Amino acid sequence: MTRFEAPRGTHDILPSEQPVWQWVTGQMEEVCALYGYRRIDTPGIEDTELIIRTSGGGSDVVQKETYTFSDRGGRSLTLRPEATAPICRAYIEHGLHREPQPQKLYTIGPMWRYDRPQKGRYREHWQLSVEAIGTDDPAVDAEVIQLYAEVLRRLGVTSYVLELNSIGDRNCRPAYLERLAAWLDEHDAELDDEARAKRATTPLRVFDVKSERVQKALAGAPKIGESLCYECREHFEQVRRFLDAYGVKYELVPTLVRGLDYYTRTTFEFKDEAIGAKDTVCGGGRYDGLIEEIGGAPTPGIGFGAGVERLLLSLGERDVSGAQLDVYFVCAETADRTRVLPLLAELRRRGLRADMDYGGRSQKGQIGQAGRLGAGWTVIVDGGRATVREPGRDDWTAGLDELVERISG
RNA sequence: GUGGCGGUAGCUCAGUCGGUAGAGCCCCUGGUUGUGGUCCAGGUGGUCGUGGGUUCGAGUCCCAUCCGCCACCCCA
Numbered sequence: 393m394t395r396f397e398a399p400r401g402t403h404d405i406l407p408s409e410q411p412v413w414q415w416v417t418g419q420m421e422e423v424c425a426l427y428g429y430r431r432i433d434t435p436g437i438e439d440t441e442l443i444i445r446t447s448g449g450g451s452d453v454v455q456k457e458t459y460t461f462s463d464r465g466g467r468s469l470t471l472r473p474e475a476t477a478p479i480c481r482a483y484i485e486h487g488l489h490r491e492p493q494p495q496k497l498y499t500i501g502p503m504w505r506y507d508r509p510q511k512g513r514y515r516e517h518w519q520l521s522v523e524a525i526g527t528d529d530p531a532v533d534a535e536v537i538q539l540y541a542e543v544l545r546r547l548g549v550t551s552y553v554l555e556l557n558s559i560g561d562r563n564c565r566p567a568y569l570e571r572l573a574a575w576l577d578e579h580d581a582e583l584d585d586e587a588r589a590k591r592a593t594t595p596l597r598v599f600d601v602k603s604e605r606v607q608k609a610l611a612g613a614p615k616i617g618e619s620l621c622y623e624c625r626e627h628f629e630q631v632r633r634f635l636d637a638y639g640v641k642y643e644l645v646p647t648l649v650r651g652l653d654y655y656t657r658t659t660f661e662f663k664d665e666a667i668g669a670k671d672t673v674c675g676g677g678r679y680d681g682l683i684e685e686i687g688g689a690p691t692p693g694i695g696f697g698a699g700v701e702r703l704l705l706s707l708g709e710r711d712v713s714g715a716q717l718d719v720y721f722v723c724a725e726t727a728d729r730t731r732v733l734p735l736l737a738e739l740r741r742r743g744l745r746a747d748m749d750y751g752g753r754s755q756k757g758q759i760g761q762a763g764r765l766g767a768g769w770t771v772i773v774d775g776g777r778a779t780v781r782e783p784g785r786d787d788w789t790a791g792l793d794e795l796v797e798r799i800s801g
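Each residue of the first sequence is one higher than the last, beginning at 393 in the working numbering.
Written as structure tokens, this is what we have:
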């Protein structure tokens, strides 16, 4: 019989990992709440068409990374690769545009992408997704970015850089893409195969090629930043002014382009090089055409996805585990457990974490177990009385009937 | 999807030239000890990732496959 393993690229979150996990997601939730973002949870599966329409049929995500299948009713469904499109779908479906705008929403949950796994890249991973829908106020761009910087600050992560760019909108980007295409035609001889391949699929990404020779040539190419329309340029300047006001440090990266088609104007990534090649801990941007694209009224929005596993890598080893137990009962072989069980229940009722041995251990073994669990009180029961040990204090004894009061009172 | 490296106990690893499997930690038991710490002794636990091949004999050599890691592509 072959042993079963978690499917490739997926992982269990073990009890020993839960304290850090809960600390991290708890901080995320707390910050979101403080900033006025409300939690929304959407299904893991979505209509395949929604994902294609929003991420873009030509994007890598849709081309090779989706888990897509037909259900028994013949519907084509896709495991969500990200949460922005599902949240926008819910925004439209449930008429959230009739509630006060902007709608500030967040979710935390698993996402799926059929990628080749490596450190920091999983087929199932958890993301915090934060979305502000219904305004294009640049102050919200700054808020969303500063929100994540605040999460990092709380968790003590300082080894990151924030990259920032604006990639224009439907008014100025098409014109820019034409100018870029014309320039690339003119300078085709100076490009290499990699650059030509990118040019064909994602023209904005030609600036990512590694060849120094090509990079040198590209220095003369038109950049999106110089081609922004007045409104986009103005918007971007405001975003930067507000970030400065928040005291958020960033680097302008004119070639920062994101992988999904729906992005407009502001794009940004938080990166931590120390965690490996997969160094983007958080990535996002504005998506002013997305809601309209999937059947809603023209509605602007901005948001980001932040990977929980990558953030954990960035955190490194950190011990946030405390004692998991308050009271542990050690029963001598002669002890009557029918007298102990009600005490356990009463202590638990009073909010104390109480437990006893179920492993058939010897008395010595049970005392050892109490130590391993970090019990604050170790109650050694023998007959109608008990000896109680507390670290750093002298032992004391009590009758079983007064025990609960002595401990919880 | 492409290329490279690796998989031996729950964990970290050793295993020589191919000769029938080891250590430490963890866990369990007993002893020592004026607290649950220390120390001592013993014990549980492995189809050597899986399947095939070569061989008298494979953890070791060969092939395939699965999983992990690294880089690419791309991304959180």
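Each residue gets a CB set at the ideal place from its N, CA and C atoms; glycine is no exception.
Computed from a predicted structure; not experimentally measured.
Between Gly695 and Glu523, the gap from beta carbon to beta carbon is short of 9 Å. Sorting Tyr540, Ala611 and Ile537 by C-alpha distance to the C-alpha of Leu572 places Ala611 at the top. DSSP lists Arg777 as the beta-bridge partner residues of Gly791. With respect to the 9 Å criterion, Asn557 and Thr672 are not classified as neighbours on the basis of their beta carbons. For Lys756, the enclosing alpha helix (DSSP H) has its first and last residue at Gln755 to Leu765. By the Cβ criterion, the region 649 to 657 is in contact with the region 679 to 686, since at least three pairs of Cβ atoms, one from each stretch, lie closer than 8 Å. For the pair Phe599 and Leu488, the Cα-to-Cα distance works out to about 39 Å.
Under DSSP, Gln538 forms no beta bridge with any residue. Counting only the Cα atoms, Arg710 lies some 28 Å from Thr770. For Gly449, the three-state secondary structure derived from DSSP is coil. Excluding residues up to 5 positions away in sequence, Leu765, Gly766, Ala767 and Gly768 lie with their Cβ nearer than 8 Å to the Cβ of Ala715 in the same chain. It is roughly 38 Å from the alpha-carbon of Ile432 to the alpha-carbon of Lys615. Within the same chain, and ignoring the five residues on either side of Gly651 in sequence, the residues whose Cβ sits closer than 7 Å to its Cβ are Ser451, Asp452 and Val453. For Ser462, the enclosing beta strand (DSSP E) stretches over residues Thr460 to Ser462. When the Cα atoms are used, Arg481 and Ile686 turn out to be separated by approximately 7 Å.
In this structure, Gly560 sits near Cys621, with a CB-CB distance shorter than 9 Å.
A distance below 9 Å separates the beta carbons of Leu705 and Gly668. In the structure shown, Leu426 adopts helical secondary structure according to DSSP, grouped into three states. Distance from the Cα of Lys641 is smallest, within the candidate group Arg633, Ala398 and Val423, for Arg633. From the listed residues Cys624, Gln414 and Trp788, the smallest Cα separation to Leu547 is found for Gln414.
Taking a C-beta distance under 9 Å as the contact criterion, Gln538 and Leu635 qualify as a contact pair.
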